[in-house]
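When the letters of the sequence shown are read in order and numbered with the working numbering, they come out as residues 54 to 397.
Where is the CB? At the ideal position from N, CA and C, for every residue including glycine.
Keep in mind that this is a model prediction, so the values were computed, not measured.
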Amino acid sequence: MPLVTTYDELERRAREILPPDIFGYLATGSGVEETLATNDAAWRQFPLRPRILRDVARVDTGTTLLGTPVASPVHVAPTGYQTLAHASGEAGVAKGTADAGSLYVLSTRATASLDEVAAVAGPWWLQVYVLRDRDLSARIVERAAACGARALVLTADTPYVAAKARAANVPVGGSARFLIPELVARDDEGTWQNPSVTFDDIGWLREVSGGLPVVVKGVLRGDDARSCVEAGASALYVSNHGGRQLDGALATAFALAEVRAAVGEECEVYVDGGIRTGRDVVRALALGANAAFVGRPALWALATSGSDGVRDLLSSLHEEVDEALALCGCRSVAEVTPDLVRYP
Ligand SMILES: Cc1cc2nc3c(=O)[nH]c(=O)nc-3n(C[C@H](O)[C@H](O)[C@H](O)COP(=O)(O)O)c2cc1C
Numbered sequence: 054m055p056l057v058t059t060y061d062e063l064e065r066r067a068r069e070i071l072p073p074d075i076f077g078y079l080a081t082g083s084g085v086e087e088t089l090a091t092n093d094a095a096w097r098q099f100p101l102r103p104r105i106l107r108d109v110a111r112v113d114t115g116t117t118l119l120g121t122p123v124a125s126p127v128h129v130a131p132t133g134y135q136t137l138a139h140a141s142g143e144a145g146v147a148k149g150t151a152d153a154g155s156l157y158v159l160s161t162r163a164t165a166s167l168d169e170v171a172a173v174a175g176p177w178w179l180q181v182y183v184l185r186d187r188d189l190s191a192r193i194v195e196r197a198a199a200c201g202a203r204a205l206v207l208t209a210d211t212p213y214v215a216a217k218a219r220a221a222n223v224p225v226g227g228s229a230r231f232l233i234p235e236l237v238a239r240d241d242e243g244t245w246q247n248p249s250v251t252f253d254d255i256g257w258l259r260e261v262s263g264g265l266p267v268v269v270k271g272v273l274r275g276d277d278a279r280s281c282v283e284a285g286a287s288a289l290y291v292s293n294h295g296g297r298q299l300d301g302a303l304a305t306a307f308a309l310a311e312v313r314a315a316v317g318e319e320c321e322v323y324v325d326g327g328i329r330t331g332r333d334v335v336r337a338l339a340l341g342a343n344a345a346f347v348g349r350p351a352l353w354a355l356a357t358s359g360s361d362g363v364r365d366l367l368s369s370l371h372e373e374v375d376e377a378l379a380l381c382g383c384r385s386v387a388e389v390t391p392d393l394v395r396y397p
């Protein structure tokens with residue numbers, strides 16, 4: 054079944070449905086949106102070099118993430134305040150993702166509780182902003198581990214929230230008060246991002262979670278990648294926050310190969326930012342990723358059709374990955390090698 058809805062079409066439908074302020078908040082990049090504009094364009098700087106005559110009668114898109122079996126190499130990135138896009142919010146995205154056999158990353162800035170999400174999710178990870186009130190972070194992480202989170206994703210590119218062009222008028226606070234019910238009343242500075250986070254916090258998170266693997270999100274440099282691994286990170290997640298943090302930061306497609314080269318085969322590497330098609334996912338695999346994640350596409354799918362929309366989006370991406378693998382002469386994710394793309 055071919056992809057019936059392109060990313061542009063999905064975005065157009067979401068723009069029609071959502072109030073303009075809400076659409077603007079979800080779509081916006083930071084600054085003058087330079088990084089936002091380069092993220093998706095950068096993947097096209099790596100044209101595919103397909104192999105021919107390889108017997109691709111059978112293609113398997115399945116793979117594993119930190120040991121968890123998943124249906125394909127494309128998953129859902131953490132995005133805050135998902136009820137802005139659709140009343141079903143985080144539970145809707147988590148369920149749609151599970152229905153498609155992918156992995157869901159729940160944001161610290163969720164608008165649902167850990168229990169609500171865990172009740173409908175398949176495999177899921179908790180994205181962590183270490184908060185100014187560290188005890189609060191520790192409590193959230195302990196509860197997430199008890200609710201079945203299989204890993205923590207430490208977002209490392211957000212010591213402060215960058216100013217965003219189109220985010221005015223949407224009242225999102227810094228609160229994490231929805232994740233655990235006893236914190237409903239909290240919405241103060243203690244719940245904001247802690248700007249003093251360092252590599253040492255990788256070990257701290259592992260400890261307070263009772264040993265969950267820690268993935269560091271926001272890596273764009275080889276030297277930082279090495280420091281993360283040496284500090285105990287289990288995997289690295291190349292990201293510029295979808296162009297919502299440092300404007301002018303490198304497109305992730307250009308950072309990926311450097312990060313992979315720095316860590317070799319020591320750990321898994323993931324990527325997000327402007328991934329819009331199954332071909333982009335295959336390019337990401339060729340550049341060194343084990344898996345790719347989508348942010349805005351899932352929000353637009355949620356806005357237009359709730360959890361079914363998210364399931365259909367991911368199923369379409371899975372089929373596109375399947376097709377792209379076959380047309381590249383690969384029978385599996387493992388057969389994708391760096392020579393499958395041409396470097397600019
Ligand atoms: C509306 C919105 C909210 C986001 N909230 C978070 C968040 O709470 N935590 C986080 O680590 N990243 C957050 N991100 C960044 C995403 O995890 C991801 O890096 C980015 O959306 C990927 O780019 P894409 O939207 O082009 O797929 C957010 C992105 C968007 C668009």
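| query | result |
| --- | --- |
| Taking C-beta to C-beta, are Q135 and Y182 nearer than 8 Å? | no |
| Are the segment 326-334 and the segment 270-290 touching, with three or more C-beta to C-beta distances below 8 Å? | no |
| Less than 7 Å separating the Cβ of K43 from some heavy atom of ligand 1? | Nothing in the structure corresponds to residue 43, since the chain is present only between 54 and 397. |
| Indicate the three-state DSSP secondary structure (helix, strand or coil) for A67 in the structure shown. | helix |
| If you draw a straight line from the C-alpha of G84 to the C-alpha of G295, how long is it? | 12 Å |
| Work out the CA separation of A356 and I70 for me, nearest whole Å. | 7 Å |
| Is the beta carbon of T208 within less than 7 Å of some heavy atom of ligand 1? | yes |
| Would a C-beta distance cut-off of 8 Å place A174 and A191 closer than the cut-off? | no |
| Output yes or no for whether 8 Å exceeds the beta carbon distance between T132 and V123. | no |
| Helix, strand or coil for L56 per DSSP? | In this prediction, L56 scores a pLDDT of 48, lower than 50, which makes its location untrustworthy; the coordinate-derived value is nonetheless stated afterwards. Three-state result, L56: coil. |
| Who are the near neighbours of C320 in its chain, counting only those whose CB is closer than 8 Å to its CB and skipping five residues on each side? | V282, A286, S287, A288 and L289 |
| Does the Cβ of Y213 have 16 or more other Cβ atoms within 10 Å, making it buried, or fewer, making it exposed? | exposed |
| What does the shell around ligand 1 hold, if a residue joins when its beta-carbon is under 5 Å from any heavy atom? | L79, A130, P131, T132, G133, S160, R162, Q180, T208, S292, H294, G295, D325, G326, G327, V347, G348 and R349 |
| What are the boundary residues of the alpha helix (DSSP H) that includes G142? | G142 to D152 |
| How would you label S369, buried or exposed, when you count the other beta carbons within 10 angstroms and need 16 or more for buried? | buried |
| Please classify I105 as buried or exposed, where buried requires at least 16 neighbouring CB atoms within 10 angstroms. | exposed |
| For L205, which of T330, F231, N222 and L156 has the nearest alpha-carbon? | L156 |
| Among V335, G362 and E64, whose alpha-carbon lies nearest the alpha-carbon of C383? | V335 |
| Using the Cα positions of E373 and R332, report the straight-line distance between them to the nearest angstrom. | 7 Å |
| Kindly indicate which residue of G359, W178, A172 and I233 has the alpha-carbon position closest to the one of I193. | I233 |
| Do you know offhand how far D186's Cα is from W257's? | 14 Å |
| Just list the alpha helix (DSSP H) runs in the segment 255-318, keeping only unbroken ones of 4 residues or longer that don't cross its boundaries, in chain order. | 275-283 and 305-316 |
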